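Numbering (this note's numbering), first residue to last: 2 to 386.
Some notes on the structure that comes next.
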Amino acid sequence: MSFTLLASDGLARRGCYQTPHGSIETPVFMNVATQAAIKGGLSSVDLQTVGCQVALCNTYHLHLRPGEEIVRQADGLHGFMAWDKPILTDSGGFQVFSLAKLRKITEEGVSFASHIDGRRVFLSPEDATDVQIKLGADIIMAFDECVENPAPYDYVKQSAERTTRWLKRVKAQWFKRAGEQINDYVNLTRTNAAGRACWGINQGGIYDDLRIEHMKQITELDLPGYAVGGLAVGEETDVMYHILDILEEHMPREKPRYLMGVGTPENIIEAVARGVDFFDCVMPARNARHGHLYTWNGRVNILNERYKDDNAPLDEICGCPLCTTHSRAYLRHLFKAGEILAMRLGVLHNLWFYNHLMARIRGEIEQGTFQTFRARYSGVLSGRA
RNA sequence: GUGGGUGUAGCUCAGUUGGUUAGAGCACCAGGUUGUGGCCCUGGGGGUCGCCGGUUCAAUUCCGGUCAUUCACC
């Protein structure tokens, strides 16, 4: 198996996932590089600095611009963005739901208007798979339909069933391409196709029975990993935790579990406590660009006037490039002055924080002290400093 | 010097045929942001309506004076 469980503490798991570009220590937070770049002015070198293990890129965005052929010719995403560690690509299902306009969903796939120039684009589950293969991802995600919340039971049911049918097509496509040798798609000087994986995505909205039924349907396909999608889209946090609670026993223990798009430090700790291994979220990067920064004492809005003459580091126990060099007053000034450096330092800090939070979580699980850590920090980290 | 324009929130400006508690955008202060459009959303503080006087039940509004500023002409 490509996933190995090393330790556990309650339902929390400490694992290791093998990819063609090295192993991933879990639980892990994947750093979001939607358009093959970390927003805020970070390079792949910076990703190393902040302790990133996996970069997450997006099929929808890269398909529209610059197009997968451009990336393929550059030796896939690994060559294109000069990142030698694992890459997961999201299928674009969520972006079609959240960004594209005039979308029309049929059994065959999704037709939508590009958010960049309005041109009409059609994407089938097979297309999304092919795009991701050409992008050279280590982990590709099956194309799903992310239903908005709230949505009527009947629609969510039909949508989840369609996502299952799409997943079966994606799996067939995956084997077909593997038979044609995936290496042909990417000139893989850096990449060995062996070990690349396609994961399935669970849907079902906020309906317990639909979630469980859909999870049963997709786990029958025996995929190398499973994601829970369609959460953190407006429902109460307790609803999200509840869905994770009821799904846990239906997710194979020996396969990695990925909660898509989540979340706050508290969300992540609580989800790890419910057996989740992989996370991704725009929040640390987006919030950083807006001056909202995470510390071990809670959230700080560096734009607040109280920091205008505060010469202390943002977080005294943080070892990031920002905290080891600059003061709160300086960072606030950079934000108020609209300097690019403000965002860059903020994003460096928040991603460093998230990646080190995950390292801390892994350590606590190994030591069997995760529950104590959870009780101590779960609420603090997402609260105000 | 003569004639005209303009003075309303920190900035740029609405408004008022005289009538509740004078508005907007930006800025400022503070929340929000969950498989990313460097956005966007929600609150809040802030004005002696240049100044003095007059008319009126009531003046930011009408009248007189004055100061500032700006344009044209001499």
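Glycine included, every Cβ here is placed at the ideal spot set by N, Cα and C.
As the structure is a computational prediction, the values presented were derived from the model and not from experiment.
Query: Straight-line gap, LEU57 to THR35 (C-alpha atoms, nearest Å); Result: 7 Å
Query: Cβ-based neighbour list, LYS102, same chain, cut-off 6 Å, excluding 5 preceding and 5 following; Result: ALA114
Query: Rounded C-alpha distance that separates CYS1 from THR90; Result: Only positions 2 to 386 of the chain appear in this structure, which leaves residue 1 out of reach.
Query: Local conformation of THR190 per DSSP, three classes; Result: Residue confidence for THR190 is low, a pLDDT of 39 falling below 50, so the modelled location carries little weight and cannot support an answer.
Query: Per DSSP, the bridge partner or partners of ARG26; Result: Looking at the sequence shown, residue 26 is not Arg but Glu. Answer is CYS17, bridged to GLU26.
Query: Beta-carbon spacing of GLY371, ALA274 below 9 Å; Result: The question names Gly, yet the displayed sequence has Phe at residue 371. It is a contact, given that the beta carbons lie within the stated cut-off.
Query: Runs of alpha helix (DSSP H) lying entirely within the region 120-203, each at least 4 residues, in chain order; Result: 126-136, 154-180
Query: Three-state secondary structure assigned by DSSP to GLU236; Result: coil
Query: PRO153 burial status per 10 Å Cβ neighbour count (16 or more: buried); Result: exposed
Query: Supposed close pair VAL171, ALA143 - CB separation, criterion 8 Å; Result: 4 Å
Query: Three-state class that DSSP yields for LEU224 in the structure shown; Result: coil
Query: Best match in ALA38, VAL33, SER9 for proximity to THR27 [C-alpha to C-alpha]; Result: SER9
Query: C-beta contact flag for VAL263 and CYS282 at 9 Å; Result: yes
Query: Test item: CB-CB of LEU48 and VAL122 under 9 Å; Result: no
Query: Extent of the continuous beta strand (DSSP E) run through THR5; Result: 4-10
Query: Inter-residue CB distance, GLY77 and LEU136 (contact presumed, cutoff 8 Å); Result: 6 Å
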